[in-house]
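The block underneath contains the structure these notes are about, expressed in structure tokens.
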Amino acid sequence: MRAIQLKKAVTKGSSVTNTEYTNSYIYENDSLAFFSHPEGYVTKDNNTFKYVYQYKDHLGNIRLSYANIGTTSAPQLEVIEESNYYPFGLKHRGYNPQTSPLGNSVAQRWKFGGKELDESLGLGTYDFGARNYNPELGRWMNIDPLAEDMRKHSPYNYAFDNPISFIDPDGMAPGRQKQVIAPIHWRKM
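Mapping to UniProt numbering: the sequence shown position 181 is 181, numbers consecutive.
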């Protein structure tokens with residue numbers, strides 16, 4: 001059974017941030033902050049909404065977010081964020097720190113596996129639906145709901161401890177990655 005997050009309230013000092021989730025629309029403190037679409041998301045920038053496009057790899061990781069900051073007739077693309085990941089999902093650090101103010105804090109929470117990174121409690125876990133995942137440990141923070149079906153493996157390990165060959169898209173059960181191999185066409189010279 002997959003859990004669906006509906007609302008989250010985070011208190012920092014005397015300020016409370018209420019986040020509400022309705023399908024692909026996300027509201028913060030009763031104001032629309034972000035909604036996703038197949039090519040990326042739409043974010044609020046002052047009183048207007050802007051399209052942000054995303055490039056995702058074969059695992060669903062959001063690798064590049066970019067937007068047109070020019071006009072339709074004279075487009076000018078700006079990289080909002082570039083992300084690269086280790087196999088267990090920890091983000092590479094130390095290079096490409098470029099981020100843009102156009103990517104708001106709500107929209108920039110979706111990263112590894114296309115999942116939401118929750119840093120509100122300082123734990124840095126991803127919400128995969130059925131469970132929460134910590135990429136620093138390479139472990140789930142909750143027991144596998146299907147632990148009885150996979151007795152040979154720890155109910156906390158991610159992708160059978162082999163993220164090169166397996167993925168776990170929702171936290172329920174690991175499976176093989178899709179093969180992304182393009183055919184090679186040879187031609188005589």
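Glycine included, every Cβ here is placed at the ideal spot set by N, Cα and C.
Bear in mind the structure is a predicted one, so any value in this text is a computation, not a measurement.
For residue i, which option in the options has the closest C-alpha, if you only look at C-alpha atoms?
i	options	result
leucine 90	Pro75, Asn68 and Lys115	Lys115
tyrosine 156	Met150, Asp149, Ile164 and Asp144	Asp144
arginine 93	Pro38, Glu136 and Gly60	Glu136
leucine 64	Thr71, Gln54, His58 and Gly70	Gln54
tyrosine 86	Phe160, Ser14 and Gly113	Gly113
histidine 37	Asn46, Asp30 and Val52	Val52
glutamate 81	Ile69, Ala74, Gly70 and Ile62	Ile62
Is the beta carbon of residue i sitting closer than 8 Å to the one on residue j?
i	j	result
tyrosine 95	valine 79	no
histidine 88	glycine 138	Here residue 88 turns out to be phenylalanine, not histidine, going by the sequence shown. Contact: yes.
lysine 56	serine 83	no
serine 154	valine 10	no
glutamine 177	leucine 59	yes
Work out the CA separation of residue j and residue i for me, nearest whole Å.
i	j	result
methionine 141	glutamine 5	16 Å
threonine 17	glycine 175	36 Å
phenylalanine 44	isoleucine 26	Before going further, note that residue 44 is lysine rather than phenylalanine in the sequence given. Rounded to the nearest angstrom, the two C-alpha atoms are 11 Å apart.
glycine 40	glutamine 108	11 Å
phenylalanine 128	lysine 7	16 Å
isoleucine 167	alanine 147	16 Å
methionine 172	asparagine 162	16 Å
asparagine 47	tyrosine 133	35 Å
alanine 74	asparagine 68	9 Å
aspartate 30	tyrosine 126	24 Å
phenylalanine 34	glycine 13	25 Å
Here's the rule I'm using: 16 or more other beta-carbon atoms within 10 Å means buried, otherwise exposed. How should residue i be labelled?
i	result
phenylalanine 49	exposed
isoleucine 164	exposed
arginine 131	buried
alanine 159	buried
Report back the beta-carbon spacing between residue i and residue j to the nearest angstrom; my notes put them in contact at under 8 Å.
i	j	result
glycine 19	glutamate 28	Checking the displayed sequence, the identity of residue 19 turns out to be threonine instead of glycine. About 5 Å; that satisfies the 8 Å criterion.
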